[in-house]
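Structure first, commentary second.
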Amino acid sequence: MPNTTRSAEKILSRFKELRQHLHPDEQPVFTIPAVWESDRQEGNTLCDVILTNQRLLGYYFVRFPRERLFFEELPLAAITSVSLRQETFKPAFRELLIASGQQRLSLRATPKKIEALYAALRPAIEQSVPLSENESAEAPATPPAPIYGHQDIQRPFESSTLAITILFIGGLGLEIIGLLLWTAAHNPQAGIGLCIAGLVAVITSILQARQRR
278 MPNTTRSAEK
288 ILSRFKELRQ
298 HLHPDEQPVF
308 TIPAVWESDR
318 QEGNTLCDVI
328 LTNQRLLGYY
338 FVRFPRERLF
348 FEELPLAAIT
358 SVSLRQETFK
368 PAFRELLIAS
378 GQQRLSLRAT
388 PKKIEALYAA
398 LRPAIEQSVP
408 LSENESAEAP
418 ATPPAPIYGH
428 QDIQRPFESS
438 TLAITILFIG
448 GLGLEIIGLL
458 LWTAAHNPQA
468 GIGLCIAGLV
478 AVITSILQAR
488 QRR
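Under my numbering, the letters of the sequence shown match residues 278 to 490, in that order.
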């Protein structure tokens, strides 16, 4: 890549194995650590999100204790909408929801990092280098301009992630206190009530978390 910019070289030097996954004339321009969740996989993946002049990549590669590679891509030309979302009672993270046809990609990171990615993504899409015909099968021939927006998600506190976390941790705390009282008093009645209350709280928090999915 003779025309690789200094920032691209910096990213490539950080991710040693990334170069072999790039297309000709493709250059990385921006990267942040984030939680990647897409329709192509089950669950979330903590990885590095790498924005290039052609694609948005989810990537990590580790050698120890065994080699593992995570690599997912989304062509910039296929993106139809980008929404920056903020959920009530979840101030530590913001979400970037990206749509491509019927596919959905959710990226979550700290507000500062996700806002920086949002700011970098728009000009990258506008200036994206077209892929070859074989590589751009997912992208329409004449893609419409993506829709950009901000969205505030209002949730009641009892169904928020913060409330579920507090309920789960509180339940574990009650169980531990109940077991300590049980052991100290050598009497099950001294701590059985707290143990039961803690177990109910933990089960309730797990059910609430499953309902949110």
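Think of the CB as a built atom: it goes at the ideal place given N, C-alpha and C, for glycine as much as any other residue.
Cβ neighbours of residue 394 within its own chain (closer than 8 Å, five residues either side excluded): 307, 309, 311, 326, 328, 373, 384, 386. Residue 359 is positioned such that its CB atom lies no closer than 7 Å to that of residue 400. Each residue's CA atom was taken as its position, placing residue 290 and residue 475 some 49 Å apart. When rounded, the separation of the alpha-carbon atoms in residue 481 and residue 316 is 28 Å.
DSSP, read as helix, strand or coil, puts residue 282 in coil. Apart from sequence neighbours up to five positions away, the residues of its chain that approach residue 353 with a beta-carbon distance below 7 Å are 331, 332, 333, 401, 402, 405, ordered along the chain.
The bridge partners DSSP lists for residue 352 are 332. Nearest to residue 442 by C-alpha distance, out of 486, 470, 426, is 486.
Counting only residues of its own chain and dropping the five nearest sequence neighbours on each side, residue 303 has a CB closer than 8 Å to the CB of 329, 330, 331, 332, 406. 388 is the residue among 388, 421, 382, 380 whose C-alpha sits nearest the C-alpha of residue 370.
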